[in-house]
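Report on the following structure.
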Amino acid sequence: MPLWELLFTLTAPSSGTTNFDVTCQEMITMGDSSEDPLEKVQEAQKWKEEGNNHYKLERFEEAVEAYSKAIGACPKGQSDRAVYYKNRSACYLKLQKYEKAAQDAAAALDIIPNDTKALFRKCQALEQLGRFEEAFKEALQLNKLEPSNTAVQAMLRRLNAIVAEKVTKLSTTDSKVVQMFTALSDEDVEKRRQAANNLIVLARETTGAERIFAEGGVSKIQHLLQGEDKELTLAGLRVLSCLCQGHKARANAVLKEFTLPSLAKLISSPTEEIANAAANILLTAIQAMIEEDSKQPRKAKEALVPDLTTEFKSLLMFLLGLLTDKNVSGYGRDAVIDIIMKFVPKETGTGRALTFMTNGGLMKLLTVAGQVPELKRLPITANTRMHAAVALSKLYDEMHSEKNRKYYDELCNKFITDKFNVNTMESNMEAITAITALLQGPFDVGNGLIGREGVVEVMVAMAGSYDVLHQKVALEAIIQAANKKDRCTGILQTGINILKECYKSSNDNIKVRALVGMCKLGVAGGTDASIKLFADGATVKLAKEVKRFLLNPEKIHDLQKWAAEGLSFLSLDGDVKEDIVNDPKALKTLIELAKSGDKTVLYSVASVFVNLSNSYDEEKPDPEMVKLAQFAKQHIPEPHPKDSKEYLQERVRKLLREGVVTALVFLAKADSENCREQVARVFLTLTEGKDDRGLIVQQGGGKALIPLANNGTMEGKVRAAQALARIGITMNPELAFPGQRCLEIVRPLVSLLHVDRTGLQNFEALMALTNLAGISDSLRNRILKEKGFSQIENYMFEDHDMIKRAATECMCNLVSSEEVAQKFLGDNDRVKLLVLYCGEEDEALVKAAAGALASIAHLQEVCDKVLKVKAWLEIMQGLCASENIDIRMRGVHVVMSLIESSKENATTVVETNLLEIMMAFAKDETPAMKGVRSRAESALQQATEWGLIKPT
Numbered sequence: 001m002p003l004w005e006l007l008f009t010l011t012a013p014s015s016g017t018t019n020f021d022v023t024c025q026e027m028i029t030m031g032d033s034s035e036d037p038l039e040k041v042q043e044a045q046k047w048k049e050e051g052n053n054h055y056k057l058e059r060f061e062e063a064v065e066a067y068s069k070a071i072g073a074c075p076k077g078q079s080d081r082a083v084y085y086k087n088r089s090a091c092y093l094k095l096q097k098y099e100k101a102a103q104d105a106a107a108a109l110d111i112i113p114n115d116t117k118a119l120f121r122k123c124q125a126l127e128q129l130g131r132f133e134e135a136f137k138e139a140l141q142l143n144k145l146e147p148s149n150t151a152v153q154a155m156l157r158r159l160n161a162i163v164a165e166k167v168t169k170l171s172t173t174d175s176k177v178v179q180m181f182t183a184l185s186d187e188d189v190e191k192r193r194q195a196a197n198n199l200i201v202l203a204r205e206t207t208g209a210e211r212i213f214a215e216g217g218v219s220k221i222q223h224l225l226q227g228e229d230k231e232l233t234l235a236g237l238r239v240l241s242c243l244c245q246g247h248k249a250r251a252n253a254v255l256k257e258f259t260l261p262s263l264a265k266l267i268s269s270p271t272e273e274i275a276n277a278a279a280n281i282l283l284t285a286i287q288a289m290i291e292e293d294s295k296q297p298r299k300a301k302e303a304l305v306p307d308l309t310t311e312f313k314s315l316l317m318f319l320l321g322l323l324t325d326k327n328v329s330g331y332g333r334d335a336v337i338d339i340i341m342k343f344v345p346k347e348t349g350t351g352r353a354l355t356f357m358t359n360g361g362l363m364k365l366l367t368v369a370g371q372v373p374e375l376k377r378l379p380i381t382a383n384t385r386m387h388a389a390v391a392l393s394k395l396y397d398e399m400h401s402e403k404n405r406k407y408y409d410e411l412c413n414k415f416i417t418d419k420f421n422v423n424t425m426e427s428n429m430e431a432i433t434a435i436t437a438l439l440q441g442p443f444d445v446g447n448g449l450i451g452r453e454g455v456v457e458v459m460v461a462m463a464g465s466y467d468v469l470h471q472k473v474a475l476e477a478i479i480q481a482a483n484k485k486d487r488c489t490g491i492l493q494t495g496i497n498i499l500k501e502c503y504k505s506s507n508d509n510i511k512v513r514a515l516v517g518m519c520k521l522g523v524a525g526g527t528d529a530s531i532k533l534f535a536d537g538a539t540v541k542l543a544k545e546v547k548r549f550l551l552n553p554e555k556i557h558d559l560q561k562w563a564a565e566g567l568s569f570l571s572l573d574g575d576v577k578e579d580i581v582n583d584p585k586a587l588k589t590l591i592e593l594a595k596s597g598d599k600t601v602l603y604s605v606a607s608v609f610v611n612l613s614n615s616y617d618e619e620k621p622d623p624e625m626v627k628l629a630q631f632a633k634q635h636i637p638e639p640h641p642k643d644s645k646e647y648l649q650e651r652v653r654k655l656l657r658e659g660v661v662t663a664l665v666f667l668a669k670a671d672s673e674n675c676r677e678q679v680a681r682v683f684l685t686l687t688e689g690k691d692d693r694g695l696i697v698q699q700g701g702g703k704a705l706i707p708l709a710n711n712g713t714m715e716g717k718v719r720a721a722q723a724l725a726r727i728g729i730t731m732n733p734e735l736a737f738p739g740q741r742c743l744e745i746v747r748p749l750v751s752l753l754h755v756d757r758t759g760l761q762n763f764e765a766l767m768a769l770t771n772l773a774g775i776s777d778s779l780r781n782r783i784l785k786e787k788g789f790s791q792i793e794n795y796m797f798e799d800h801d802m803i804k805r806a807a808t809e810c811m812c813n814l815v816s817s818e819e820v821a822q823k824f825l826g827d828n829d830r831v832k833l834l835v836l837y838c839g840e841e842d843e844a845l846v847k848a849a850a851g852a853l854a855s856i857a858h859l860q861e862v863c864d865k866v867l868k869v870k871a872w873l874e875i876m877q878g879l880c881a882s883e884n885i886d887i888r889m890r891g892v893h894v895v896m897s898l899i900e901s902s903k904e905n906a907t908t909v910v911e912t913n914l915l916e917i918m919m920a921f922a923k924d925e926t927p928a929m930k931g932v933r934s935r936a937e938s939a940l941q942q943a944t945e946w947g948l949i950k951p952t
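Letter 256 of the sequence shown, counting from 1, is numbered 256 in UniProt numbering, and no numbers are missing.
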């Protein structure tokens, strides 16, 4: 019985789970029907042939699908099933899906043991997966079956060296682990700390983790955690987390030996680092348990996914217990909510989100979201409500059906009803605070609750009281409701009156909140300068009042936070933008707030920077529609005069001068995807100036953009990727993105080649990829791995001249890879396209096409294809006669390659006036013609050796 069954029991939810085992079993047993077995065999053969055709054309995804259908159709007991598994394994190898490749090869071997092709593919897959000992063992068996196979012998030599090195390393690791555990008992505190930190490094490696665990590391580290030394405690927790990483059995054993109560005690720590480190052990253990065990390739009979329902439910109950445990610190509670956000929401129908709700998770989450710090019911941090709001939003997003969303609404309504039924001011405050969190998360749910009978009346009563705490709670709810004025009209009129009254308060905490509410209501027109709720100049005066709280002499963080939120709305006005950027103290304070680490202020500060740099989306009306609107005397949006290009460029310069990039680097680490999108928007605007890109990279912008381009909202990823492209165009990528980062930017750049992206994004991505492709084979291979070749090739057919030229220039650098060069062979017109582009009028396009052709002209088949192009002679003459010396040299290089490729091709060339051109070039002593001359001489020498011309 698993550990979790021993600890907890739980009633299964009525819905939301998927019987995945049955589905897989049905797939495996396809073919055991009453249909004619011969027909099924023939059907399987048909799918196999289709798969073979797809494989020849390098359509590996389609080939996998065809072979899968062949496996499904083929009756059990048929030896042909091994062929289908074996073929699909080959496809998976091409797709770099090595785990699946190993599984299919193993399935083929189950049917036909000692099948050499299946065994070889299994070895290849295991080697790529880093399972060198297993690969070596299988390679030994393969060598016995095919002792003369040179490929197998090469693999054996390679694996033998790796295994031998690993054995040496393992013996060294054994020694180091023993030394570190011995050092943990040393009287010198620094030596103990150093030993603990060394154990972290060892535990990150597979061999080190195995040895630490085998040496009784869990109990020894548990003893270490009993001390008072914070650094030793943190190091010990991190070692345990590494032991759980990616290893289901070890993670289960660690939790069983360490025990959940011990873990709960550490998660409850009032020290943020310790609480987070302890929670991370639980998170890594959960991830190891729910992920597919990849330690052994599954055989055909083992393809079923194990049922982890019991473990999940037990872990879920443990998390739910921590969520509302009064002994858990605020930091620990935040960490638990973070685990829930990563662990519970799951798009692929495992029912985790619904299970969480049906077992009280939503009610507990609302309890945490409704906590008022001053009441001290549960320990929380300044970030807890934001964490809870994000979790509530993610949970709601997982309710894909109307039925489940209705259930979510019903539970929220029940929570609020129960709170109001208590009929105390404290419970009323908790209800309103929970609604505020819902307005920050699933807004429609929160807005619906505000519309309930009696809710607004409670808020009015609280705002009208003389109790500062009551007023704060009511005002914060109104402020959140005002975020989306078009969807909460029911409360706004009442809210305006409350804000006006509260603004008269002598208490700054109340006054600043009321001020922020008025700021939100005062920018109803957004960037439309023609809509003014306030008199001329009133918005700037309001901004100055908000800045007074931002720059309060005592630097009270709460006041600064609310002031930043107010400015995030007011800064849509052009006059306010100019006022802020011309106030260095205000900018400096905003930058400091971005670096403060307070998650509740990050989005507001990011929004201010978005507005100051005009990085928001602007709807530009169609000119024809404007004329119609003018004729009909309808409202037409008007941009603010101070949002013109000149004003914007000056604001961007001032932001860069004040160090906005350093703030953006901090903001880029925010948990909120929306916040990160705002940062990406600003980065894209900042990179518009070519001269500013070096400064952005120097201050850490290039590094910060990479995770922004890979994770977050689609809009955020696209904008960050485009900013990376701009940097990659004007700067040496090796300097802008040193080391591994050069490889990391390939994926986001390739994503910009998608057909849904704009022409400018396509063009900038191609330009940046051109620079990357010119650096090294590793980068060219990465572009191939990210499936960039086909997309780059597609843009070579683009109607837009600049995009077509950029794609061809990128291909020119890409063909330096032999793998890419091979793609020009076989049954395709790729060489023909290059030859035809060499005859175009666009000099840059000709230069790129000629360069690509020259790079692959060493392949005889390429030369054969060149001579099959109808206009080849005219085009080659044009290249050789070009006034551009680079184009001329590339043309002569192609002619030289044609002559060197074969006697037949050389004869064709020599019979034309290209021979006379080569002879003339060979006599040209002009310094600029040195490269051309040497190639012409080589061509003539080869023609002489073929016996086509006589030496002179």
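Think of the CB as a built atom: it goes at the ideal place given N, C-alpha and C, for glycine as much as any other residue. This structure is a prediction, so every number in the text was calculated from the model and none was measured.
Nearest-angstrom beta carbon gap, residue j and residue i [assumed within contact, 8 Å]
i            : j      : result
Leu320       : Ile286 : Not a contact, Cβ separation roughly 14 Å.
Gln372       : Glu453 : According to the sequence provided, residue 372 is Val. The question's Gln does not apply to it. The Cβ separation is near 23 Å, so there is no contact.
Leu129       : Tyr98  : 5 Å
residue 1000 : Phe415 : Any question about residue 1000 goes unanswered here, given that the chain covers just 1 to 952.
Ala849       : Thr808 : 6 Å
Buried versus exposed call for residue i [16 or more other C-beta atoms within 10 Å across all chains shown]
i      : result
Gln942 : buried
Asp617 : exposed
Ile274 : buried
Thr173 : buried
Pro738 : exposed
Ile885 : exposed
Pro951 : exposed
Leu779 : buried
Leu940 : buried
His858 : exposed
Alpha carbon of residue i to alpha carbon of residue j, nearest angstrom
i            : j      : result
Arg830       : Leu743 : 27 Å
Leu914       : Gln877 : 7 Å
Arg757       : Leu708 : 17 Å
Ala720       : Glu673 : 13 Å
residue 1008 : Ile340 : For residue 1008 there is no data in the structure shown, the boundaries of the chain being 1 and 952.
Ser79        : Ile111 : 7 Å
Lys847       : Leu853 : 10 Å
Arg250       : Leu243 : 7 Å
Gly72        : Gly51  : 14 Å
Asp334       : Ala389 : 12 Å
Leu684       : Lys520 : 26 Å
Ala203       : Phe120 : 32 Å
Phe666       : Val660 : 10 Å
Lys256       : Thr589 : 49 Å
Ala535       : Leu542 : Bear in mind that a pLDDT of 45 at Ala535, under 50, signals an unreliable position, so the number given afterwards is only what the model happens to contain. Roughly 11 Å between the two C-alpha positions.
Lys870       : Leu836 : 10 Å
residue 969  : Gln222 : Because the chain is modelled from 1 through 952, residue 969 falls outside the range shown and cannot be assessed.
Glu688       : Asn611 : 16 Å
Residue-level contact to chain B via CB, residue i, 7 Å cutoff
i      : result
Glu410 : As a matter of chain content, chain B is missing from the structure shown, which is built from one protein chain.
### Task
Identify every run of the beta strand (DSSP E) within the segment 317-398, keeping only runs that are complete inside it and at least 3 residues long; order them along the chain.
none
### Task
Identify every run of the alpha helix (DSSP H) within the segment 716-767, keeping only runs that are complete inside it and at least 4 residues long; order them along the chain.
733-736, 741-744 and 746-751
### Whole beta strand (DSSP E) elements within the segment 247-272, 3-residue minimum
none
### Task
Pick out the complete alpha helix (DSSP H) segments inside the segment 29-105, 4 residues or longer, and give them in chain order.
37-56, 60-73 and 80-94
### alpha helix (DSSP H) runs wholly inside the segment 815-902, at least 4 long, in chain order
The segment 815-902 contains these whole alpha helix (DSSP H) runs: 818-822, 830-837, 843-856, 860-866, 872-880 and 885-901.
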